[in-house]
Structures are given as structure tokens and as C-alpha cells.
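*Asks:*
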Amino acid sequence: MNTFKKIVSSFLGISLLTIQCQPIYADGVKENELIQPSMQSRKTYGSNYWTTSNIREWLNTDKSYIKYTNQAPSSDKLGNFAYDKEPGFLSNFNVEEQDAIAVTKHRVYVSTTDAQAGMKDGGNTSQSDVAYPNQSMTFSLNGLLNNNKNFFYKMENDKVFFLNAYEAYSYLQKRGWSLPKELTPEAQKKHSYYNNYEHWMLSGGRANIGYDLTFLITPDSSRSLVFGYTNRLGGVVPAIHIKPDYRFQNGKIAKDIQIGEKLLFGNYNGAPIEWKVVNKTEEGFPLLLSEKIIDLKHYDAPGDEAYKYSEVVDFQKEDVNIVEEPYRNINNSKDITPPDFKILNEDKLNIRSNDEFTLELEASDESDIEYVILPNGNKVYNKRVSYTMSENKEYLFIAKDKVGNFRYFVIPVGNINIPPKVIINPSANGWTNKDVTVDISASNDVGSAFAEKIQNNRDRTEAMWPNYTTYKGKRIRISGDVEFIEAKKPVGDYFTGMGFVFTSVNKSGSEYNLQKNYHLPIRYSLKELQEKKKAHFDQVFTVPDYYYKDLIPWSQINVDAQDTNYKVKWTNVKYELLDKDDFAIEKIILPSGNSIGEKSYRDTLTKEGNYTYQVLDNRGMITKKDVEVKIDKTLPTIQVDGISDKWTNQDVKLNVTVSDSQSGVAKTILPNGSETTSTSFEFVAKTNGDYQFQTYDKAGNVAVKKVAIRNIDKLQPYHHIQSSFLLNEKHNVDKSGREIRVIAKDDESGVDSIQLPSGEWVQGDSVKINVYENGEYPFKLKDNAGNIKEITSKISDLEKISISGIQKIEYKLDGAENKGWTNYTEPFFVKKEGLTTITSRAYDKAGNISSEKSKVVKLDKTKPINNGILITLE
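Printed below as a string of C-alpha cells:
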């Protein structure tokens with residue numbers, strides 16, 4: 006049976022979340038189920054399903070406490086970056102500002118897994134499985150420019166949201182604006198985070214063989230888009246639409262502000278939030294995106310799977326709809342199309358070349374071209390350009406039209422046969438903490454080999470072959486043996502195989518894109534292999550003409566990524582390049598002057614000094630390289646101050662000092678993953694746990710310091726309170742008074758004391774008092790960390806006794822002086838020497854007699870003489 010939750014709907018005019026195909030029953034209860042089929046990896050990494058993600062629910066509420074639909078982002082899951090106890094993001098805005106934020110219906114990409122489970126509103130394909138490293142977003146993510154409308158998506162209503170990948174391209178890169186973002190100083194201080202830039206999160210994501218991945222914009226200006234696991238830390242860059250008639254602090258009306266303007270709106274972490282207007286709808290709703298990363302959070306906490314519907318976000322009707330992702334030109338031009346590029350001699354890209362070649366390009370646009378930026382950074386005010394391609398790589402051309410639309414156009418070049426060369430590769434050049442190896446080889450000396458490898462998972466790869474030349478059309482021989490070892494489950498139709506992974510180029514319209522290609526020319530069904538136990542293979546594979554780069558030897562068992570129930574063994578495996586140049590090394594001259602007639606060689610340097618290597622190849626050319634060796638094998642030192650065993654309810658500030666006596670400190674990696682080159686810095690621990698600092702020196706030595714923090718207690722004590730009527734002398738219930746008993750408990754630091762209603766503090770974890778009046782009796786419970794919880798015991802059932810007044814008081818004397826019960830009318834003297842016991846009692850006008858009270862007095866007539874003691878009864 007599916008796990009489900011019950012959500013009771015309100016029918017008092019409160020907005021309800023609009024859900025597609027959501028079952029609503031007659032009793033006003035709707036069923037909330039886990040998305041099926043199950044995504045077990047979400048228990049490890051969290052979910053990229055925006056609808057019920059922690060980050061969406063935090064962004065879209067002003068509540069001080071959020072009851073998250075999925076696993077809360079708690080400290081046991083996220084450590085110092087927990088935010089389950091933080092109030093919702095909207096709580097940082099006043100009522101007027103909250104009302105000014107429009108509800109936006111927007112498009113969120115969903116993974117194939119969620120789409121197949123019915124959690125989609127449209128689309129027929131998943132996003133690309135790889136985000137290639139490139140400054141152009143449309144090149145990095147295959148299909149983003151021409152196929153984005155077909156990506157699986159859901160429509161969601163949010164006040165605060167993240168841009169999706171296409172919106173980030175359209176509203177930022179298409180305008181020529183930079184993608185990387187800085188952290189605010191407040192965000193850095195909050196998390197003791199020393200990186201100035203960080204990845205920032207987009208909405209939605211994709212699944213990769215069972216794993217959820219999210220979209221992030223990189224801090225690297227030479228790249229743009231990457232995928233990351235959902236439990237990866239990311240920057241918070243919120244987006245909001247503002248209602249057209251709202252007036253900002255600067256006096257401007259929302260509908261009158263222009264795209265590109267910056268303004269302040271709301272506060273976060275004690276500072277105003279700076280926003281940039283990145284788009285504007287025809288109805289006058291400006292879209293604001295924070296200029297900086299305002300916080301660091303996880304998209305979703307690991308620990309459980311994902312529910313279908315949010316129990317926190319419940320905006321039924323949108324104010325503005327951007328599902329079709331409308332784009333408004335910055336100059337209000339009707340031209341919203343970026344420039345186009347045409348390669349006039351495109352055939353040169355498809356012919357293997359032994360030398361550099363020149364491409365002729367022409368940019369075009371209905372508003373005409375303002376300029377073109379060439380791959381070398383030069384700006385050309387001409388729509389027709391030429392550029393010489395001298396190596397295999399991606400070349401970026403940027404065109405701007407005259408109304409401000411930008412096009413980032415990438416040409417992947419991979420058809421140049423780069424002449425082979427001598428490679429002299431030292432493991433270090435300068436400071437090192439170990440012996441230095443110097444590998445000498447020819448660039449065309451490629452291949453892979455291993456004696457034995459056990460495989461019990463889906464994919465295994467060897468080192469990528471160097472892209473020294475194009476392997477397009479070249480033959481590679483793959484040989485070896487494969488043996489069936491075990492199967493813990495039926496083998497079914499599963500198979501295992503060996504081959505290559507490589508990157509190819511495809512084209513959609515005028516846009517080039519890259520995609521991964523997987524080839525298994527050697528393939529055996531597990532059933533077949535189970536029967537014959539072992540098989541030998543020897544096959545020649547010709548690299549296809551659509552090969553571009555990154556040739557990687559690869560083997561696979563085609564099971565799910567987490568499946569380890571099947572095991573095979575590969576032995577004597579060899580990959581050989583059959584078609585290669587006759588270039589070769591003839592002689593290697595070592596620093597000692599000795600000559601070696603080998604095709605390749607590894608030398609080992611154990612002492613400091615400067616070394617020179619010379620290599621003679623069969624072309625008669627000498628390649629020379631100088632290697633400097635400076636050895637430092639001493640670890641850096643790390644000193645951490647601020648650790649205490651005294652309980653506290655505050656964050657613990659650790660002062661860290663690092664040093665290195667030889668090569669010097671290179672960097673320190675903090676427990677939160679950020680890095681600093683400073684030798685003295687502060688780190689704030691917010692929760693109990695183990696914190697690790699790693700300091701690297703310039704020689705590669707690494708010192709590790711682990712600090713255990715166990716003295717933080719931020720939780721208030723909890724309690725048990727009892728109240729019972731008093732008992733009189735005859736042990737009968739006396740409803741004129743109650744005993745209040747308070748027992749305090751604290752699981753962390755322990756209970757210190759309890760404050761009574763009188764204001765007195767009593768040490769210990771329990772107190773009791775008697776009260777005789779109805780009313781509220783406040784107590785305070787304090788633990789050893791200083792956390793205080795206020796509680797109140799309310800008494801309302803005490804019976805007031807009617808007082809008739811005193812009728813008379815009697816007394817009697819026993820001992821030195823004796824006297825029977827006598828009415829007391831005035832003070833009297835005891836005059837006989839010795840001990841006398843005085844007993845008194847009172848009568849009220851109703852005839853009730855009080856309990857008797859006694860006191861002993863002593864009269865001593867020894868000088869100085871006492872002749873009597875005056876007795877007063879009250």
C-alpha cells in the first residue's frame with residue numbers, strides 16, 4: 006500500500022493549491038501519495054521534484070515554523086546548513102511588501118521518472134543527460150534553444166521561485182549579462198563561508214540512471230550550466246514578480262521601471278535585498294532576480310522519497326502567467342530574436358585536416374548586427390568575420406544586434422590531425438612532498454591495458470585517451486577475456502560488454518550541440534556467459550565519422566546504477582590504436598648525461614635541484630624541458646581555539662590559525678567546503694558534530710584537524726506538571742488549596758533550576774508549592790546551557806471558605822504555672838519561675854475551633870531579676 010498523508014481542505018474562503026488530476030473526496034480530504042515508481046536514491050540525495058522540495062516550501066511561506074511535506078532540512082541531515090528551524094523566506098517582508106509580490110504560474114522541468122509517474126503537465130522528452138562545460142548555455146545543454154518547449158514540465162503557482170534553465174538563458178545570457186553571482190557578505194558571515202562566488206540553483210532537474218540531478222549556474226565565467234546531486238549545497242537566487250501598481254522605496258511605480266534597473270526590496274539576514282529587473286510582462290509585472298546569492302541552502306534534504314503535492318504552498322490562482330516564458334526586449338523592440346550565424350564554408354569542419362584552417366562566418370539579424378566578439382576576445386564591428394582554427398576545441402562567437410539581443414554561438418572543431426610530439430611530463434615542477442617522476446613519451450603512444458578487473462556495477466571506465474589528434478575513422482583493436490562470476494538474482498535479459506564512450510557533434514537549425522555516444526562492439530548476454538563461464542574477444546573497432554573528442558574505454562553491465570547483484574571479471578584487456586603516425590622517440594638524454602634508446606621512459610628524482618631532459622625524435626628534432634625540484638615533506642600545523650566543555654545555547658566561534666614552515670600555506674578547506682588562503686580565520690559551528698579542517702601547503706602536504714563540538718544545546722527544557730488538592734489533618738480533600746508540582750527534563754545539557762511564581766530560583770529539576778487562590782502561576786525552567794522555557798499552571802477550581810470572624814480565643818497554662826482554659830481578653834504575665842507551656846485555640850462565630858498551638862516559656866529570677874513575662878496572643 007502506498008504511503009499517504011491526509012490533508013484536510015478548508016472551505017472558509019482560503020485559497021487551495023490547484024493540482025492536476027488530484028483526487029478529492031466527498032469528506033474534503035485528499036490523498037497525498039509518494040511518487041511511484043519509487044526513487045530510492047532520493048533517500049540518499051534528496052529530491053529534485055520542485056513541487057514538494059524543501060527549498061520551494063521555505064521560499065513560499067511567512068510562517069515562523071514550517072511543517073515540511075517531505076523530510077525536513079534538519080541538522081541531522083544537513084549539519085550546519087540545516088534550515089528547518091528558520092522562519093519562511095516571506096517573513097522577511099512586511100505586510101505591504103508581501104502583498105506586492107504576485108503569484109506567478111511558471112514552468113518547472115521534471116525528470117523522466119516523475120513524468121512517467123504522471124507528475125507532468127506537458128512535454129514529451131527529458132533534458133540532455135550531460136551539461137557540457139561551455140560559456141554558452143544553449144551549447145552546454147543540448148536542445149535548450151530549439152527543443153526546450155518539449156522538455157517534461159509542470160506548472161506551479163509560487164510567489165517566490167527559481168528560474169528554470171531556459172529562463173536563465175533568456176533573461177540573462179540572451180541580454181548579454183553575466184551568469185556568475187557573488188555571495189552577499191551576510192551570507193558569507195552566516196555560514197563562515199570564504200568563497201566569494203558559488204553555484205546558484207535553478208528549479209527542476211532530471212534523473213540520470215536512477216539519480217536525481219538539479220540545474221546549477223557555475224561560478225566559473227568560462228562555463229555556464231552544470232548538473233549536481235540534489236544534496237549539493239547551492240546558492241539561493243530568488244525570483245519574484247511585483248504587482249504593477251506597487252510603489253518602491255525609490256518612488257517608482259512597478260509598471261514604470263525598466264528592464265536592467267536595480268532596486269532594493271525587502272530584507273534578509275539583516276540587510277536590504279538588491280534586485281535586478283530581468284524581464285517585464287505586457288501587463289506591467291516586472292520580474293526581479295536577486296543580484297547576489299543571498300544564502301546557501303540545499304534544494305532538498307535526503308532521508309525520504311517525494312510526495313506528489315505540497316502541504317505548505319497553496320496558491321490557487323495566479324496573478325501573472327509566464328508558462329510560455331515571454332521575453333521582452335530591453336529596448337522595447339518587437340525584435341526578440343537573437344542574431345543568427347551562418348558558416349559560409351562549413352564543409353571544412355567535416356574534412357580531416359593536417360593543418361589549421363580558416364572559417365568564414367556571417368551574422369545576421371532583422372535589426373542588423375552591432376558587433377561580433379571573436380574567440381580571442383576581439384570585438385569586430387562587422388557582420389562578416391573570418392577566424393583561423395588551429396586546434397581541436399570549441400570556439401565561441403558572440404553577436405549583439407542593434408536592439409540588445411545576444412547570441413552565443415559555438416563551433417566545435419575536432420577534425421585537425423595535430424602532429425605528434427614529445428611529451429615530458431613531471432609529476433611536479435617546484436615544491437613537492439614526494440619524489441618527482443618524469444614521464445617521457447610520444448603523444449601518439451596511446452592505448453589502455455590491464456591484467457584483471459572485477460565489475461559488479463553498471464559502468465566502469467578507464468582513463469580518457471589524450472585528445473592529441475582526431476581519432477575519427479581510425480581503427481582500434483580491443484582484446485581480452487571476460488568471465489562470469491556470480492548472479493545474486495536471475496540474469497534475465499541483462500548483458501555485459503566492452504567498448505568506448507565518446508562525444509559527438511550534432512546540429513539543430515544553426516545551433517551545434519554535443520552528445521555522449523556509447524558503443525559496445527563486444528557484447529555477451531549474462532545468460533550466455535553464465536553457461537559458457539568464460540569468453541575470449543579480439544575485435545577491431547573503427548571510430549565513426551561523427552566522433553568529436555574524449556575517447557574513453559568503457560565496460561558495462563546494463564543494470565540500474567545502484568544494482569550490484571551481478572559480477573563479471575575482465576582479464577588481459579588491451580586497447581591498441583592501429584592507425585597512428587610513424588613518429589617515435591629515438592633517444593632520451595637524462596640530466597646525468599646518460600642516453601637511453603627507449604620509446605618511453607620514467608625517471609625518478611629524489612633530491613632537490615634543477616634538472617634538464619632532452620629527447621631526440623625520428624624527425625631529428627630535440628625537445629628540451631627543465632624541471633625544478635623543491636622538497637617539503639613536513640605537514641602544516643593547524644591550531645583551533647574556542648573549544649570549551651561549558652554548555653552554551655549559542656553558536657561556537659572557532660578561531661583557526663594555520664602555518665607552514667617551508668613551502669608555505671596554499672589553502673585550507675573548511676568543514677562547509679569553502680576554501681581560504683588566509684592563515685588566520687574564524688569558523689562558526691552551529692550544531693554539535695565533528696568538524697574537519699584540511700590545510701594544504703604548496704608542496705601538497707595535507708594536515709587534517711578534527712574538532713568535536715558537543716556542548717551546544719539550543720533546545721528548551723521540557724516538563725511534566727501535576728496539580729492536586731491539599732489534604733487536611735484528617736487526610737480529607739481540602740478544596741481550598743492545591744499543590745503544584747513541576748518536573749523539568751532536558752536531554753542535552755540537563756536542568757539547572759526552576760523559577761517559582763514568587764521569582765525565587767530553586768536549584769534542581771523539580772519543585773512543589775501550595776497555592777490557595779485561583780489564578781495563573783508562572784514558572785521558568787532553565788537548563789545548563791541557559792535555555793529558558795516559560796510555563797504556566799492555571800488553577801480555577803479552588804473553593805473559597807466563608808470567614809465568619811473570630812468569636813473568642815482561649816488559652817491554658819501547664820508546668821511551673823497552671824491554669825485551665827481561659828478566655829483571652831488582654832495580654833497577661835507568667836510570674837512563676839521555671840518552664841510553663843502556653844496552649845491557645847480560637848473559635849469563629851460559626852462555632853469552628855482551630856487547631857491548638859503551643860509554646861514553652863522559661864522564667865529565671867536569678868539576678869538581674871525577672872519578675873514576669875508578658876504574653877500576647879494573636
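The end of the sequence shown is residue 879 by our numbering, with every number in the run present.
Note that CB positions come from ideal geometry on N, CA and C, so glycine has one too.
1. My understanding is that Val772 touches Val747, with C-beta atoms under 8 Å, so please give their C-beta distance in whole angstroms.
2. Can you tell me whether Arg607 is buried or exposed, with buried defined as 16 or more other CB within 10 angstroms of its CB?
3. Would you tell me roughly how many angstroms separate the C-alpha atoms of Leu610 and Ala433, rounded to the nearest one?
4. Report yes if the CB atom of Ala136 is closer than 8 Å to the CB atom of Leu301, and no otherwise.
5. For Lys824, write down the residues that DSSP places opposite it in a beta bridge.
6. Whole angstroms are fine: how far does the CA of Ala690 sit from the CA of Leu659?
7. According to the neighbour-count rule (16 or more other Cβ atoms, all chains shown, within 10 Å of its Cβ), is Glu396 buried or exposed?
8. By the three-class DSSP mapping on this structure, what secondary structure does Tyr171 have?
9. Which one of Gly694, Gln655, Asp650, Ala708 has the shortest CA to CA distance from Lys672?
10. For Phe414, which of helix, strand or coil comes out of DSSP?
11. Looking at the structure shown, is Phe320 part of a helix, part of a strand, or coil, going by DSSP?
12. Would you mind giving the Cβ-Cβ distance between Ile428 and Ile593, rounded to the nearest angstrom? I have them listed as a contact below 8 Å.
13. Pull up the distance between the alpha-carbon of Lys863 and that of Lys813, whole angstroms please.
14. Determine, using beta carbons only, whether Phe489 and Lys538 come nearer to each other than 8 Å.
15. Nearest by alpha-carbon distance to Lys164: which of Phe686, Leu150, Thr639, Ile60 is it?
16. Based on Cα-Cα distance, which residue from Ile811, Ile298, Asn255, Ala259 lies nearest to Asn274?
17. Hey, would you say Asp324 sits closer than 8 Å to Lys248, going by beta carbons?
18. Output needed for Tyr216: all residues of its chain with C-beta closer than 6 Å, excluding positions within five of it in sequence on either side, in chain order.
19. Given that a residue counts as buried once 16 or more other Cβ atoms are within 10 Å of its Cβ, and exposed if not, what is Val861?
20. Between the Cα of Ser3 and those of Ser679, Asp637, Gly382, spot the shortest distance and give me the residue it belongs to.
21. What residues in its chain sit with their C-beta under 6 Å from that of Glu857, if we drop five residues either side in the sequence?
22. In whole angstroms, give me the CA-to-CA distance for Thr642 and Tyr199.
23. Look up Tyr50 in the DSSP assignment and say whether it is helix, strand or coil.
24. Would you check if there are 3 or more beta carbon pairs closer than 8 Å linking the stretch 140-150 to the stretch 225-232?
25. Tell me, to the nearest whole angstrom, how far the beta carbon of Val573 is from that of Gln721; I am working on the premise that it is less than 8 Å.
26. Give the list of continuous alpha helix (DSSP H) stretches no shorter than 4 residues that lie fully inside the stretch 163-249.
27. Just how far apart, CA to CA, sit Gln27 and Thr235?
28. Does DSSP classify Val564 as helix, strand or coil?
29. Would you call Val738 buried or exposed, if buried means 16 or more other Cβ atoms sit within 10 Å of its Cβ?
30. Restricting to runs no shorter than 3 residues, where is the beta strand (DSSP E) found entirely within the stretch 247-329?
31. With DSSP as the reference, identify every bridge partner of Ile421, one or two as the case may be.
32. In chain order, what residues of the same chain have a beta carbon less than 8 Å from the beta carbon of Asn151, not counting five sequence neighbours either side?
33. Just the Cα atoms here: how many angstroms apart are Ile557 and Asn716?
34. Determine the contact status of Val634 and Thr437, defining contact as a CB-CB distance below 8 Å.
35. With a threshold of 16 other CB atoms inside 10 Å of the CB of Asp650, please say whether the residue is buried or exposed.
36. Rank Leu786, Asp752, Thr569, Pro425 by C-alpha distance to the C-alpha of Gln768 and give the top, closest one.
*Replies:* Short version:
1. About 5 Å separates the beta carbons of Val772 and Val747, which is inside the 8 Å limit, making them a contact pair.
2. The residue is exposed, with fewer than 16 neighbouring Cβ atoms inside 10 Å.
3. Near 10 Å, if we compare the C-alpha coordinates of Ala433 and Leu610.
4. Cβ distance not < 8 Å, so Ala136 and Leu301 don't count as in contact.
5. Answer by DSSP bridge pairing, in chain order: Leu818.
6. So the alpha carbons of these two residues sit roughly 7 Å apart.
7. By the 10 Å Cβ count, Glu396 comes out exposed.
8. Taken through DSSP and simplified to helix, strand or coil, Tyr171 comes out as helix.
9. It is Ala708 whose Cα lies nearest to the Cα of Lys672.
10. Annotated three-state conformation of Phe414 is strand, per DSSP.
11. Looking at Phe320 - three-state DSSP - the assignment turns out to be coil, as it is neither helix nor strand.
12. In fact, because the Cβ distance is near 12 Å, the residues do not count as touching under 8 Å.
13. Distance between Lys863 and Lys813, taken at the CA atoms: about 26 Å.
14. Contact check for Phe489 against Lys538 passes: the beta carbons are separated by less than 8 Å.
15. Minimum Cα distance to Lys164 is reached at Ile60.
16. When Ile811, Ile298, Asn255, Ala259 are compared, the shortest CA-CA separation from Asn274 is found for Ile298.
17. The answer is yes: Cβ separation under 8 Å.
18. Within the same chain, Tyr216 has close Cβ partners Ser46.
19. With fewer than 16 Cβ atoms within 10 Å of its Cβ, Val861 is classed as exposed.
20. Because the chain spans 6 through 879 in this model, residue 3 falls outside it and cannot be assessed.
21. Excluding sequence neighbours, Glu857 sits near Thr844, Arg846.
22. Cα-Cα distance, rounded: 20 Å.
23. Tyr50 falls in the helix class under three-state DSSP.
24. Here the stretch 140-150 lies against the stretch 225-232, with 3 or more beta-carbon pairs under 8 Å apart.
25. 57 Å between Cβ atoms; not a contact.
26. Within the stretch 163-249, the complete alpha helix (DSSP H) runs of at least 4 residues are 170-176, 190-196.
27. Low confidence applies to Gln27: its pLDDT is 43, below 50, so where it sits in the model is not reliable, and the reading given next is rough at best. Distance from the CA atom of Gln27 to the CA atom of Thr235, rounded to whole angstroms, is 26 Å.
28. It is coil, neither helix nor strand.
29. Classification of Val738: exposed, given that the 10 Å Cβ count is below 16.
30. As summarised for the stretch 247-329, the continuous beta strand (DSSP E) elements at least 3 residues long and confined to that stretch are 267-273, 276-285, 291-295, 300-303, given in chain order.
31. The secondary-structure analysis by DSSP pairs Ile421 across a beta bridge with Ser358.
32. Hits under 8 Å: Ser513, Gly514, Glu516.
33. Distance between the alpha carbons of Ile557 and Asn716: 50 Å.
34. Between Val634 and Thr437, the C-beta spacing is below 8 Å.
35. Exposed: under 16 other Cβ atoms inside 10 Å.
36. Measuring C-alpha to C-alpha distances from Gln768 to each of Leu786, Asp752, Thr569, Pro425 identifies Leu786 as the nearest.
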